[in-house]
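**Student:**
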Amino acid sequence: MSKLDFEKHFLTGIDEYILRVRQSIPGRDALFLIARCCLENKLSAYAKILVIGAGGGEEIISLGKHNAGWQFVGVDLSEEMLKLAESRIKKEGLVNEVQLYKMEVIDLENKNFDAATCILTLHFIPDDGAKLATLQAIRERLKPNAPFVLVDGAASRNKAEFNDNVMAWKRHAQNNGMTVELLDSMIEKAMGLPFVTEEREVELLTEAGFSRIRKIYQGTWFNGWLSVCEKS
Numbered sequence: 001m002s003k004l005d006f007e008k009h010f011l012t013g014i015d016e017y018i019l020r021v022r023q024s025i026p027g028r029d030a031l032f033l034i035a036r037c038c039l040e041n042k043l044s045a046y047a048k049i050l051v052i053g054a055g056g057g058e059e060i061i062s063l064g065k066h067n068a069g070w071q072f073v074g075v076d077l078s079e080e081m082l083k084l085a086e087s088r089i090k091k092e093g094l095v096n097e098v099q100l101y102k103m104e105v106i107d108l109e110n111k112n113f114d115a116a117t118c119i120l121t122l123h124f125i126p127d128d129g130a131k132l133a134t135l136q137a138i139r140e141r142l143k144p145n146a147p148f149v150l151v152d153g154a155a156s157r158n159k160a161e162f163n164d165n166v167m168a169w170k171r172h173a174q175n176n177g178m179t180v181e182l183l184d185s186m187i188e189k190a191m192g193l194p195f196v197t198e199e200r201e202v203e204l205l206t207e208a209g210f211s212r213i214r215k216i217y218q219g220t221w222f223n224g225w226l227s228v229c230e231k232s
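Counting from 1, one number per residue, gives the positions in the sequence shown under the UniProt record's numbering.
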């Protein structure tokens, strides 16, 4: 999905989009806490982290406010989301060094990162070579054995199981105050996204050069993976 497609279908309003994410992602706060704990276990007090899909600033704020020595370089294709990230980071008063760029990771010249995150972003990218190219670009910018946190929406080979997960997700969002009409619209749009199965996601990570892949989070049809860069 291109930047224009994403903004057309999902950015009806920045504040509304952030609210939707908060209402609809099961275990959202736990997700970021788990990501933080996994990275803290593997990184020193001073580390340089690459953030894919940095618009909104959630990962940078969640990780940075507890780790003042971590530096962040974030990329995103949405100018509006990057502006939101800048505003939120400033409001939080983070002391971390943060650089944000409107570009794809494949165009980023910076390398030798100690870790990377890609949270709720990869499922917008089609599996026509673009997903793999994105993962390879991330791996190429990491130091050997650097940790990588990936969180993504996932399809299922079992259609009934997938539908059950979607309905549980819908109920969760509805219980958090989202209207049925809005949810139905979101589901219709989401069903057009290029999700892949868990098995395919692990296959893509492996092919891109990541190993020691393990699941660290699941919230209905959203999965979180921790892996390390295999590059020597």
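Where a beta carbon is used, it is the ideal one built from N, C-alpha and C, also for glycine. Since this is a predicted model, take the numbers as computed values, not measurements.
Restricting to runs no shorter than 3 residues, where is the beta strand (DSSP E) found entirely within the stretch 71 to 136?
**Tutor:** DSSP runs (the beta strand (DSSP E)) wholly in the stretch 71 to 136: 98 to 102, 115 to 119.
**Student:** Using beta-carbon positions only, say whether Leu182 and Arg20 come within less than 9 Å of one another.
**Tutor:** Residue numbering aside, residue 182 sits at position 182 when the sequence shown is read from its first letter. Residue numbering aside, residue 20 sits at position 20 when the sequence shown is read from its first letter. In contact: Leu182 and Arg20 (Cβ atoms closer than 9 Å).
**Student:** Kindly give me the distance between the Cβ atoms of Val75 and Ala54, rounded to whole angstroms, as I take these residues to be in contact under 8 Å.
**Tutor:** Locating residue 75 in the sequence shown gives position 75, where the first residue counts as 1. Locating residue 54 in the sequence shown gives position 54, where the first residue counts as 1. That belief holds up - the Cβ atoms of Val75 and Ala54 are roughly 6 Å apart, short of 8 Å.
**Student:** Below 8 Å on the Cβ atoms is my guess for Cys37 versus Leu226; work out the distance and round it to an integer in Å.
**Tutor:** To locate residue 37, count along the sequence shown from 1; it is residue 37. To locate residue 226, count along the sequence shown from 1; it is residue 226. With 8 Å as the limit, Cys37 and Leu226 do not qualify as a contact, their Cβ atoms being about 10 Å apart.
**Student:** Check whether the stretch 143 to 163 touches the stretch 75 to 88, counting contact only when three or more Cβ pairs, one atom from each stretch, lie closer than 8 Å.
**Tutor:** Judged by Cβ distances under 8 Å, the stretch 143 to 163 makes no contact with the stretch 75 to 88, as fewer than three pairs qualify.
**Student:** Take the Cβ of His123 as the centre, count every other Cβ of all protein chains shown within 10 Å, and call the residue buried at 16 or more, exposed below.
**Tutor:** Along the sequence shown, one-based indexing puts residue 123 at 123. When all chains shown are included, His123 counts as buried.
**Student:** Since Arg212 is in the beta strand (DSSP E), which residue starts that stretch and which ends it?
**Tutor:** Here residue 212 refers to the residue found at position 212 when the sequence shown is read from its first residue. Per DSSP, Arg212 belongs to the beta strand (DSSP E) from 210 to 219.
**Student:** Out of Thr117, Ala154, Ile89, state which residue places its alpha-carbon closest to the alpha-carbon of Val196.
**Tutor:** Taking the sequence shown and counting its residues from 1, the one referred to as residue 196 is at position 196. It is Ala154.
**Student:** By a C-beta neighbour count over all protein chains shown, 10 Å radius and 16 as the cutoff for buried, is Lys131 buried or exposed?
**Tutor:** Within the sequence shown, residue 131 is the residue found at index 131, counting from 1. The residue is buried, with at least 16 neighbouring Cβ atoms inside 10 Å.
**Student:** Out of Arg22, Ile18, Ala35, state which residue places its alpha-carbon closest to the alpha-carbon of Asn223.
**Tutor:** Within the sequence shown, residue 223 is the residue found at index 223, counting from 1. That would be Ala35, whose Cα lies nearest to the Cα of Asn223.
**Student:** So, are the CB atoms of Ile49 and Phe32 less than 9 Å apart?
**Tutor:** Counting from 1 along the sequence shown, the entry for residue 49 is found at position 49. Counting from 1 along the sequence shown, the entry for residue 32 is found at position 32. No; because the gap between Cβ atoms is not below 9 Å, this pair is not in contact.
**Student:** Identify, in the order they occur along the chain, each residue of the same chain with its Cβ nearer than 8 Å to the Cβ of Ala85, setting aside the five sequence neighbours on each side.
**Tutor:** By 1-based counting over the sequence shown, the position of residue 85 is 85. Answer for Ala85: Ala54, Gly55, Gly56, Gly57, Ile60, Gly74, Asp76, Leu100, listed in chain order.
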